[in-house]
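Chemist:
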Amino acid sequence: MPRNGGAPGKVLTSYFAAIGKRDWKAIKALTHPEIRGMMEEDEVAGISVDVLNRMVESSPLQIEIVEAWIEAEVVAHVRYSGRVHNAPITGHAELAKENGEWLVTLAGVGH
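If you count the sequence shown from 1, position 71 lands on 114 in the working numbering, and the numbers rise without skipping.
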């Protein structure tokens, strides 16, 4: 896989950029349908703004892909680094291929 994580890396980079822009619609479009469903439940419950605020507060707005690999052609793992509140972080994301498109299923940050 290319150093930049290929297609999964591009999706993950776009995902964090959408968080930085506070673009709920774009974030939903980049997430797996299961996660998207939970986000829609948050909208119905009236807590999507709070959820988005927490996402912005705890996510790097720019990332550098450290390594990436694909399992069984349908699951991608991406390790990344970035900064949250000016502190260096590392993280791991998992993306799943759904109808030929890579979508974020998990993006966790460690310090």
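We put the beta carbon where it would ideally sit given N, CA and C, even for glycine.
To the nearest angstrom, how far is it from the Cα of Y58 to the Cα of T74?
Modeler: One C-alpha to the other measures close to 8 Å.
Chemist: Taking all protein chains shown into account, decide if L104 is buried (16 or more other Cβ within 10 angstroms of its Cβ) or exposed.
Modeler: It counts as exposed.
Chemist: What is the rounded straight-line gap between the Cα of R126 and the Cα of I62?
Modeler: Cα-Cα distance, rounded: 14 Å.
Chemist: Which residues mark the beginning and the end of the beta strand (DSSP E) in which L138 is found?
Modeler: Here the beta strand (DSSP E) through L138 covers A130 to E141.
Chemist: Measuring CA to CA, which of V118, E107 and T133 is closest to E144?
Modeler: For the residues V118, E107 and T133, the minimum Cα distance to E144 belongs to V118.
Chemist: For L149 versus E137, is the C-beta distance shorter than 7 Å?
Modeler: Yes, Cβ-Cβ distance for L149 and E137 is below 7 Å.
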